[in-house]
Amino acid sequence: MDQILSQQILSTLSFTEEEVFEKIGAELSYGQGAFPPNKEEFVRMGKRWWTHNRERLFTSICSSEAIKNVFESGDELALIVAILDLISGIVTGISATTVAVLIVKLGLEKACGSMWNNH
């Protein structure tokens, strides 16, 4: 894995969920106007984006046997990279790395557990 990518992942992993949503909101609004939104608005924007996109993302992630296998290995960094590989073509306009970290932070087992337990 690329060292810069690894550092980006580790840096984002240190964020709280709220900070990850703020980062997504900031990425969404990058270059849009001279007066950027405040922190709370960035968080709202990030959460709106997540609400709009999570079902589509989890459909792809939870149906991937490769993701399930990496999840079961317990290697968090490898799981983020596997999710990143899967969603990089789905997520546009913001960092897929940030989204992959958010997915792991929010709990992949909670999101995919029922689907994985039925197989």
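All residue numbers for the sequence shown refer to the working numbering, where the first residue is 331 and numbers rise by one.
Ideal Cβ positions, reconstructed from N, Cα and C, are used throughout, including at glycine.
- Here V411 carries a helix assignment [DSSP, helix/strand/coil].
- Rounded to the nearest whole angstrom, the C-alpha separation of L436 and T381 is 13 angstroms.
- In the structure shown, F345 falls within a coil segment according to DSSP collapsed to helix, strand and coil.
- With contacts defined by Cβ atoms closer than 8 angstroms, S359 and F372 form a contacting pair.
- When the Cα atoms are used, S344 and I334 turn out to be separated by approximately 16 angstroms.
- Note on geometry: alpha-carbon atoms of V411 and A356 lie some 22 angstroms from one another.
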